[in-house]
Amino acid sequence: MLVHLPAVLSLDELAIIRVALADAPWADGRLTAGHQSARAKRNLQLPEECQTARTLAELVLRALERNGQFMAAALPRHVFPPLFNRYNEGMEFRLHVDNAIRYRHDSAHRLRTDVSATIFLSNSSDYDGGELVIEDTYGTHTVKLPAGDMVLYPATSLHRVTAVTRGRRDAAFLWVQSMVQDDSERTLLFNLDRAIQDLAHVTPAQSSALLQLTACYHNLVRKWAQM
Ligand code: NI
Numbered sequence: 032m033l034v035h036l037p038a039v040l041s042l043d044e045l046a047i048i049r050v051a052l053a054d055a056p057w058a059d060g061r062l063t064a065g066h067q068s069a070r071a072k073r074n075l076q077l078p079e080e081c082q083t084a085r086t087l088a089e090l091v092l093r094a095l096e097r098n099g100q101f102m103a104a105a106l107p108r109h110v111f112p113p114l115f116n117r118y119n120e121g122m123e124f125r126l127h128v129d130n131a132i133r134y135r136h137d138s139a140h141r142l143r144t145d146v147s148a149t150i151f152l153s154n155s156s157d158y159d160g161g162e163l164v165i166e167d168t169y170g171t172h173t174v175k176l177p178a179g180d181m182v183l184y185p186a187t188s189l190h191r192v193t194a195v196t197r198g199r200r201d202a203a204f205l206w207v208q209s210m211v212q213d214d215s216e217r218t219l220l221f222n223l224d225r226a227i228q229d230l231a232h233v234t235p236a237q238s239s240a241l242l243q244l245t246a247c248y249h250n251l252v253r254k255w256a257q258m
């Protein structure tokens, strides 16, 4: 399932991030790539351990924590601290799959990547190319979102970032280990949750149908969640 979450970051947060990224210690993105993806990757990335990356990761994590749509769609068990990348003109990331397991540089903590996410930080009008192209079971999807918007997609999918042909594309990216590992189960829960929210606006609060559906939602979470 691909989920588009609008305005995950506020304009104020975007402004803070842009100032910090302007003179950040950008490094070759291949430093953090796996064996296969290192050959496909041509971009810049903020080293995970640098102070700018840590401060901005905290800011993004706080924004995600207050975002109910993110919580409902990803059902996060662990969130890998967001990383930041930059594609200057001519840079791209050819077709690859993300590593199944990520390790934090500063701890023994491991995370299984169930959901991949990109938060767009540059205005779409500031660059050409730089589309995120995702191949899943329903075909190929091309994603280019306004600054502050986020896309969630299954980490099992093959994906790429097309070459930037004008301007510069900055983004934050992260992975989630979900309480519900299976994408089809997670999709079903998200769709059910959204339907219940919609119904709640047009149905009396004491409606027994609404109560039954809510019980179904929670009982499915109980059945599928891994803690
Ligand atoms: Ni990737």
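Start counting the sequence shown at 32; every next residue gets the next number (my numbering).
By construction, the Cβ of each residue, glycine as well, lies at the ideal position given by its N, Cα and C atoms.
As the structure is a computational prediction, the values presented were derived from the model and not from experiment.
Given that a residue counts as buried once 16 or more other Cβ atoms are within 10 Å of its Cβ, and exposed if not, what is residue i?
i	result
Met258	exposed
Leu126	exposed
Met181	buried
Asp54	exposed
Ala246	exposed
Met102	exposed
Asp43	exposed
Asn116	buried
Ala178	buried
Val195	buried
Thr63	buried
Gly60	buried
Thr168	exposed
Asp214	buried
Leu87	buried
Pro37	exposed
Val211	buried
Ala148	buried
On the DSSP letters alone, give me the boundaries of the alpha helix (DSSP H) that residue i sits inside.
i	result
Arg61	Counting along the chain, Arg61 falls outside any alpha helix (DSSP H), and DSSP gives it neither H nor E.
Asp213	Unbroken run through Asp213: none, as it is neither H nor E.
Tyr248	Ser239 to Trp255
Leu36	Where Leu36 is concerned, there is no enclosing alpha helix (DSSP H), although the beta strand (DSSP E) it sits in stretches over Val34 to Leu36.
Phe101	Gly99 to Ala105
Leu77	Here Leu77 belongs to no alpha helix (DSSP H), and DSSP marks it neither H nor E.
Val39	Premise fails: Val39 is in no alpha helix (DSSP H) and is neither H nor E.
Arg199	Where Arg199 is concerned, there is no enclosing alpha helix (DSSP H), given that its DSSP letter is neither H nor E.
Alpha carbon to alpha carbon, how far is residue j from residue i? Give it in angstroms, no decimals.
i	j	result
Pro56	Leu152	17 Å
Gly161	Asn74	11 Å
Trp255	Phe111	22 Å
Ile48	Pro235	43 Å
Asp145	Ala186	5 Å
Ala51	Arg200	15 Å
Ala139	Arg133	10 Å
Arg141	Gln208	10 Å
Asn13	Ser239	Residue 13 cannot be examined here, being either before or after the span of the chain that is shown, 32 to 258.
Ala84	Val91	10 Å
Lys72	Asp129	12 Å
Arg143	Arg135	12 Å
Ala202	Gly65	19 Å
Val29	Ala58	There is simply no residue 29 to check, as the chain begins at 32 and stops at 258 in what is shown.
Glu80	Glu89	13 Å
Leu77	Leu114	7 Å
Phe204	Gly121	20 Å
Quick one: what's got a C-beta closer than 6 Å to residue i's C-beta in the same chain, skipping five residues either side?
i	result
Ile165	His172, Tyr184, Ser188 and His190
Gly198	Asp157 and Tyr158
Give the range of the beta strand (DSSP E) segment to which residue i is assigned.
i	result
Val50	Segment Leu42 to Ala53 is the alpha helix (DSSP H) holding Val50; no beta strand (DSSP E) there.
Ala148	Val146 to Phe151
Thr273	In the structure displayed, the chain extends from 32 to 258; residue 273 sits before or after that span and is not available.
Glu123	Glu123 to His127
Arg117	Leu114 to Tyr118
Arg191	Leu189 to Val192
With a CB to CB cut of under 8 Å and the five nearest residues on each side skipped, what residues in its chain are close to residue i?
i	result
Ser41	Ala94 and Gly179
Leu244	Leu223, Ala226, Ile227 and Leu230
Asn98	Leu36 and Val39
Residues in the same chain with beta-carbon distance under 7 Å from residue i, minus the five sequence neighbours each way, listed in chain order, please.
i	result
Glu216	Trp255
Gln100	Leu36
Does the distance between the C-beta of residue i and the nearest non-hydrogen atom of the ligand ADP fall short of 7 Å?
i	result
Leu142	Here the bound small molecules are the ligand NI; the ligand ADP is not part of this structure.
task: Output the residues surrounding the ligand NI, defined as those with a CB atom closer than 6 Å to any ligand heavy atom, in chain order.
output: His127, Asp129 and His190
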